[in-house]
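For reference, the structure is listed below as structure tokens.
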Amino acid sequence: MTTALEVPLDELVRRRRYFHMHPELSMKEFATAAYIERELRALDLDEIRTGVGQTGILATLRGKRPGPVTLLRADIDALPVSEAAEVEYKSQNAGVMHACGHDAHIAILLCAAKELTRRRNEIAGTLVFCFQPGEEGYAGNKLMIEDGALENPHVDRCFALHVFSGLEVGKIGVRDGPFFASSDEFHLWIRGKGGHGAMPERAIDPIVAGAHFVTMLQTIVSREIAPKDPAVFTVGKFQSGSTFNVIPTEAEMEGTVRSFDREIRRSMPERMERILRGLSEAMRVEYEMKYRYGYPPTVNDPKMNEIVREVGARVLGGENVVYPHDIVMWAEDMSYMLEERPGAYFIVGARGPERGIFPQHSASYDIDERALETGFKMMVGLGLSS
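Here's what the structure looks like:
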């Protein structure tokens, strides 16, 4: 950076708290998008495109010197969570909460866009500020790509950040290659024969079969996949029966499958089917399974990560760049852009002594707002890097 960077912490906090108080669910971020558009139109930008991927916004800033086209992304949606924390900026939308930190991402990118517009003469190339809807399960990143987010101008590289309560405030975490996991889901029905709880020999119990399946599912990770290849099976829903003394006809399950290796990911449905076929034969049940591939792994380009580390060392100090950071089992739809263009996704520490101590998606989630300063410095630094 050729001129000193002043961090507008008061503005960052004010904007973050506004978005925190006015959260909107995925693909319904209409008021959020309108607010972002108003703020962007007050800046000296070259182009603003709205309605990209339904409610997404792209803003273009052309620098004064030749260089790459760099996309900087922030996700804008919230979660269907009722906020538990009693803070002055508590959500005003019942049952909706920024429980993942996207409010911070919007504030960071808006303030960075303002600063970088002021520094147009220092920018080599073109910047695209991407405000993306629907990260929480709706693949808004993919929808924006399908709407041309990576063209006109043709994006050469892309960067994104995520505040993280698992990392101390003031630090960033960087990792080459796969960083965040893929996220797939399954829906399973096990069907038996209902009967009296006192006479199980006249029934075929889907609950017992389902319980065996949950246990056997874990052996895929523990006995079929090498310890060096992380993977997770979690059954998050198991419903069956209506009272204490009746064996039901059906058990229903839903779960998530996380992995990093593409071949392992592709093999998971077949491995599950093999267990279900054996279970069906052994316990006389029938089954039906639907498997849906979700977000792919988030894979960082090492050269782009090197830029992140260099910027981090310059604006934060090398001691605050954690590299390599551990893998994270979340999934992230920024993975779609990283499949199309070289880029890097990094985490920003948000854990402080009093705030940022609860995990993402918790009803008590909050951040140490000093993380906004870290994110702002990084986004401005990346915008000025060539």
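Note that my numbering numbers the sequence shown so that position 76 is 76, with each residue one more than the last. Glycine is no exception: its CB is placed at the ideal position from the N, C-alpha and C atoms. Keep in mind the model is a prediction, meaning the values are calculated, not measured.
Segment limits, alpha helix (DSSP H) that includes residue i
i      : result
ARG265 : 262-283
LYS377 : 370-384
GLN218 : 206-224
PHE19  : 9-21
ARG41  : 30-41
Three-way DSSP call (helix, strand, coil) for residue i in this model
i      : result
ASN300 : strand
CYS100 : coil
ILE48  : strand
TYR293 : strand
MET199 : coil
ALA84  : coil
GLY137 : coil
LEU5   : coil
GLU250 : strand
VAL322 : strand
THR243 : coil
GLY255 : strand
GLU24  : coil
ALA94  : coil
ILE367 : coil
ALA331 : coil
GLU168 : strand
GLY236 : strand
VAL163 : strand
Nearest residue (CA-CA) to residue i, options the options
i      : options                           : result
GLU417 : VAL322, ALA251, PRO302 and THR50  : Absent from the model: residue 417. The displayed extent of the chain is 1 to 386, so no value can be given.
SER82  : LYS228, GLN92 and ARG223          : GLN92
SER26  : GLU339, LEU372, GLY255 and ASP333 : ASP333
HIS187 : ARG120, HIS162 and VAL257         : VAL257
ALA31  : ASP77, ALA59, GLY53 and ARG14     : ASP77
ILE327 : GLY352, ASN300, GLU319 and GLU340 : ASN300
MET272 : ALA203, ILE220 and GLY173         : ILE220
LEU79  : VAL169, LEU384 and ALA363         : ALA363
HIS361 : ALA331, VAL13, GLU254 and VAL308  : ALA331
GLU86  : LYS193, ASP366 and LEU338         : ASP366
GLU168 : ARG175, ARG292, ARG355 and SER385 : ARG355
ASP368 : ALA104, GLU6 and ALA226           : ALA104
LEU43  : PRO353, LEU161, ARG17 and LYS114  : LYS114
SER267 : ILE225, ILE48 and PRO248          : ILE225
PHE260 : GLU29, ASP147 and MET329          : MET329
THR90  : GLU185, ARG16 and ALA74           : Checking the sequence, you will find Lys at residue 90 rather than Thr. For LYS90, the nearest C-alpha among the options comes from ARG16.
TYR138 : GLY170, ALA4, TYR293 and GLU339   : TYR293
GLY343 : PHE19, PRO68 and ILE357           : PRO68
GLU185 : ARG370, ARG14 and TYR295          : TYR295
ARG409 : ILE145, ASP156 and PRO23          : Past the edges of the chain, shown from 1 to 386, lies residue 409, and the structure says nothing about it.
PHE164 : LEU384, SER385, SER386 and ILE357 : ILE357
ALA33  : LEU72, VAL7 and ILE106            : ILE106
ARG370 : THR117, ILE108 and LYS303         : ILE108
Buried/exposed call for residue i, threshold 16 Cβ in 10 Å
i      : result
THR388 : Residue coverage of the chain in this structure runs from 1 to 386, which leaves residue 388 outside it and unanswerable.
GLN218 : exposed
MET199 : exposed
ASP10  : exposed
THR374 : buried
THR243 : exposed
VAL315 : buried
LYS237 : exposed
ASN245 : exposed
LYS142 : buried
SER183 : buried
Extent of the continuous beta strand (DSSP E) to which residue i belongs
i      : result
HIS187 : 183-191
GLY343 : 343-351
GLY56  : 56-62
LEU72  : 65-75
LEU338 : Looking at the DSSP string, LEU338 is not in any beta strand (DSSP E); the run it does join, the alpha helix (DSSP H), is 335-340.
PHE129 : 124-132
request  = Mind the definition here: the region 216-232 touches the region 151-160 only if three or more C-beta pairs lie below 8 Å; say whether that holds.
outcome  = Because the criterion of three Cβ pairs below 8 Å is not met, the region 216-232 and the region 151-160 do not touch.
ask   = Are three or more beta carbon pairs between the region 93-101 and the region 374-385 nearer than 8 Å?
value = No: fewer than three Cβ pairs fall under 8 Å.
ask   = So does the region 345-364 actually touch the region 204-218, counting three or more Cβ pairs closer than 8 Å?
value = Result no; under three Cβ-Cβ pairs closer than 8 Å.
message = Under 8 Å: do the region 278-298 and the region 315-323 share three or more Cβ pairs, one atom per stretch?
response = Flag = no, the region 278-298 and the region 315-323 do not touch.
message = Check whether the region 115-129 and the region 60-76 touch, using three or more Cβ-Cβ pairs below 8 Å as the test.
response = By the Cβ rule, the region 115-129 counts as touching the region 60-76, because three or more pairs are nearer than 8 Å.
ask   = Is the region 304-315 close to the region 125-145, with three or more CB pairs under 8 Å?
value = Between the region 304-315 and the region 125-145 there are fewer than three C-beta pairs closer than 8 Å, too few to call the two in contact.
ask   = Given 8 Å as the limit, is there contact between the region 132-140 and the region 51-60, that is, 3 or more CB pairs closer than that?
value = The region 132-140 vs the region 51-60: in contact.
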